[in-house]
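Peer 1: If you're matching positions, the sequence shown starts at 1 in the working numbering and goes up one per residue. Beta carbons: idealized from backbone N, C-alpha and C, even for Gly. Predicted model, so just to flag it, every value in this text is computed and none were measured. Input: one structure, supplied below.
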Amino acid sequence: MTCGRSWSDVLHALLCPIPATIGAVLAAAWWALALGGLLYPLWGWTLYLVPGYTEVGRFLLPESPALATLAVYLVGGLLFALTLPMALRVLAWTSSSLSRLLLLAPRR
């Protein structure tokens, strides 16, 4: 009960799943946004089958809303894909920093 190291290990077991779960959700969302934007030409046409569907391209380029929507989603997907390595590195660093702080604390 008086060993600080043991309490640090308990804190690690209780606290580290929280940032790990948040990081996993953010990583999955980042991947989904990157893939969804880049693969929009393959699945985007199905949205036009929905009655009353209004795309973002109608506001940007009313003459050719499908082309504007395609450009917006492709550029967004490309931005998420290009920033994916950095985002995953930051998420991993955040999770590992808490683990290092709790598990590599100096012994008392």
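Report all residues from its chain with a CB closer than 8 angstroms to the CB of D9; omit the five preceding and five following residues, and keep chain order.
Peer 2: For the purposes of this step, residue 9 is taken as residue 9 along the sequence shown, with counting starting at 1. So the qualifying residues of the chain are L102, L103.
Peer 1: Checking contacts by CB at 8 angstroms: is F59 closer than that to chain D?
Peer 2: As a matter of chain content, chain D is missing from the structure shown, which is built from one protein chain.
Peer 1: Considering only their Cβ atoms, is the gap separating W30 from L84 smaller than 8 angstroms?
Peer 2: Within the sequence shown, numbered from 1, the residue matching residue 84 stands at position 84. Within the sequence shown, numbered from 1, the residue matching residue 30 stands at position 30. Yes, the Cβ-Cβ distance between L84 and W30 is below 8 angstroms.
Peer 1: Which term fits S6, buried or exposed, when burial requires 16 or more other beta carbons within 10 angstroms of its beta carbon?
Peer 2: Counting from one through the sequence shown, the residue named residue 6 turns up at place 6. S6 should be labelled exposed.
Peer 1: Closer than 7 angstroms by C-beta to R58: which residues in its own chain qualify, once you throw out the five before and the five after it? Chain order, please.
Peer 2: Your numbering for residue 58 matches position 58 in the sequence shown. Same-chain partners within the cutoff: P65.
Peer 1: With DSSP as the reference, label T94 as helix, strand or coil.
Peer 2: Sequence index remark: in the sequence shown, residue 94 carries index 94 (1-based). Reduced to three states, the DSSP call for T94 is helix.
Peer 1: From V90 to V72, what does the alpha carbon distance come to, in whole angstroms?
Peer 2: For the purposes of this step, residue 90 is identified with residue 90 of the sequence shown, where counting begins at 1. For the purposes of this step, residue 72 is identified with residue 72 of the sequence shown, where counting begins at 1. If I take the Cα positions, the gap works out to 26 angstroms.
Peer 1: What is the DSSP secondary structure of G52, reduced to helix, strand or coil?
Peer 2: By 1-based counting over the sequence shown, the position of residue 52 is 52. It is coil, neither helix nor strand.
Peer 1: If you compare alpha carbons, which of P17, L78, H12 is closest to L33?
Peer 2: As a position in the sequence shown, residue 33 is number 33, starting the count at 1. The option with the nearest alpha carbon to L33 is L78.
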